[in-house]
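Residue numbers (the working numbering): 43 to 125. Yeah, the Cβ is synthetic: ideal placement off N, Cα and C, and Gly gets one too.
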Amino acid sequence: MNSKSLPKLGAALLSMGLAGILLAASDPEIILFNGKIVKVDANFTYAQALAIAEGKILAVGSNQEIQKLAGPATRRIDLGGKT
Numbered sequence: 043m044n045s046k047s048l049p050k051l052g053a054a055l056l057s058m059g060l061a062g063i064l065l066a067a068s069d070p071e072i073i074l075f076n077g078k079i080v081k082v083d084a085n086f087t088y089a090q091a092l093a094i095a096e097g098k099i100l101a102v103g104s105n106q107e108i109q110k111l112a113g114p115a116t117r118r119i120d121l122g123g124k125t
């Protein structure tokens with residue numbers, strides 16, 4: 043990598059980081075919690091809850107982690123332990 047490409051790389055990384063911060067700063071529209079959510083990772087692990095914003099999954103995690111993301115207008119749906 044030459045010295046001319048470093049500023050471009052830095053700008054790209056900065057913009058990607060800022061986009062993540064902006065998305066994380068918005069309240070989710072829907073939180074699904076108290077469920078058995080199958081994550082399609084190498085081990086097909088489970089999570090309890092997920093947050094949705096603008097039709098996209100914003101975050102997946104424990105009930106406690108995801109509930110912290112809720113805003114005053116967030117709709118919360120209790121999955122009652124269902125998958």
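Identify the residues that DSSP records as bridge partners of residue i: which are they?
i, result
"Lys98", "Ala95"
"Leu74", "Leu92 and Ile119"
"Gly113", "Its beta-bridge partners do not exist; DSSP assigns none."
"Ile79", "Ala89"
Residue i: which of the options sits nearest, CA to CA?
i, options, result
"Val102", "Lys78, Pro114, Ala89 and Ile72", "Ala89"
"Leu92", "Asn85, Pro70 and Asp83", "Pro70"
"Ala115", "Gly123, Ile94 and Glu107", "Ile94"
From the beta carbon of residue i, is the nearest beta carbon of chain B less than 8 Å away?
i, result
"Pro114", "Of the protein chains in the structure, only one exists, and it is not chain B."
According to the Cβ coordinates, are residue i and residue j closer than 8 Å?
i, j, result
"Ile119", "Ile72", "yes"
"Gly1", "Leu111", "Because residue 1 is not part of the residues shown, which for the chain are 43 to 125, the question remains open."
"Phe86", "Asn105", "no"
For the ligand FMN, I want to know if residue i counts as a neighbour, meaning its beta carbon is within less than 7 Å of at least one of the ligand's heavy atoms.
i, result
"Gly97", "As far as ligands go, the structure on display features none, and thus does not contain the ligand FMN."
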